[in-house]
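Below you'll find the structure, written out as structure tokens, and then a few comments.
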Amino acid sequence: MTNKTLISELRKSKGWTQEYLAEKSGLSVRTIQRLEAGYDASLDTLRLVSEALDVSINELFEKVENKNKEKEIDIFSEEQNSQINKRQSEESLFRIINLLFLGLMLVIASFIDKVPENKQTILGSIWVAVFLLGFAIIKYIKNSWWRTKLDTKYPLTKSLLRQKKSNRDDFFWWKHKTVRNVMMIFWGAIIPLLFILKYALHLF
1 MTNKTLISEL RKSKGWTQEY LAEKSGLSVR TIQRLEAGYD ASLDTLRLVS
51 EALDVSINEL FEKVENKNKE KEIDIFSEEQ NSQINKRQSE ESLFRIINLL
101 FLGLMLVIAS FIDKVPENKQ TILGSIWVAV FLLGFAIIKY IKNSWWRTKL
151 DTKYPLTKSL LRQKKSNRDD FFWWKHKTVR NVMMIFWGAI IPLLFILKYA
201 LHLF
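Everything in the sequence shown is counted per our numbering, starting at 1 for the first residue and increasing by one.
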């Protein structure tokens, strides 16, 4: 029995040849041809193809004739989705770190005008440099050490589209639901309180 696969459609939608998919997945062209024809393959082979195409394993198939193989794929896909959700939860840590760093820099900026005017320009320049460098360092740590750690902890999530999609969201990290809630508290309560304290201390 052969399976009804979507590998050919997924490959063509990217404008790839069978040779390119074989190279990208580390498999032979013959293996790709057999997969597209619907022949069974090991889960490891399917994983390599799914990672190359940026989809989960169950998205490679329209229908699996072998019930045992279908069950294996479903179990694998469930574990894969579970790892994806856990990884996304841990990645949200860096959104919080970004927010805390931003808050700290805003607090520092609000007190720069308290120093003598002849020093404000220098301090302002230092503030801008630290602001940009800080975010660059956070991003570097996330995209190097932290990503390697998560790849090791959640091996089934490597190279998947839903994880790569987060790269576009990294630039708009403040749109994350958790961050929005924290920012509402930050801007609605903490910042006004800081300005009130600053004004009160100025009076005394």
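For glycine and all other residues, C-beta sits at the position ideal for the given N, C-alpha and C. This structure is a prediction, so every number in the text was calculated from the model and none was measured.
{"query": "Close beta carbons around LEU123, own chain, < 8 Å, minus the five adjacent residues each side", "result": "ILE112 and VAL115"}
{"query": "Contact set for PHE204: own chain, Cβ-Cβ below 8 Å, skip 5 residues either direction", "result": "The predicted position of PHE204 is uncertain, since its pLDDT is 43 and thus under 50; a value taken from the coordinates is nonetheless stated next. Here the set comprises nothing."}
{"query": "Inter-stretch contact (C-beta, 8 Å, three-pair minimum) for the segment 63-80 and the segment 135-146", "result": "no"}
{"query": "Buried versus exposed call for LEU133 [16 or more other C-beta atoms within 10 Å across all chains shown]", "result": "exposed"}
{"query": "DSSP bridge partner residues for LYS4 (one or two, in chain order)", "result": "LYS63"}
{"query": "Spatial distance of ASP74 from GLU62 (CA atoms)", "result": "13 Å"}
{"query": "GLU51 and ILE7 closer than 8 Å at C-beta", "result": "no"}
{"query": "Distance between beta carbons of LEU46 and ILE32, contact taken as under 8 Å", "result": "Actually they are not in contact, since the Cβ atoms of ILE32 and LEU46 sit about 12 Å apart, beyond 8 Å."}
{"query": "Proximity below 8 Å, CB of SER25 to CB of LEU48", "result": "yes"}
{"query": "Sub-8 Å separation of LEU259 and ARG11 beta-carbons", "result": "This structure does not reach residue 259, given that the chain is present from 1 up to 204, and the question cannot be answered."}
{"query": "ARG30, buried or exposed, once every other Cβ within 10 Å from all chains shown has been counted against 16", "result": "exposed"}
{"query": "Beta-carbon proximity list for SER13, same chain, < 6 Å, skipping 5 on both sides", "result": "none"}
{"query": "Three-state secondary structure (DSSP) of PHE111", "result": "coil"}
{"query": "Spatial distance of SER77 from TRP145 (CA atoms)", "result": "26 Å"}
{"query": "Collapsed DSSP secondary structure at SER56 in the structure displayed", "result": "coil"}
{"query": "Nonlocal neighbours in the same chain, by C-beta distance under 7 Å from TRP16, ignoring five residues either side", "result": "none"}
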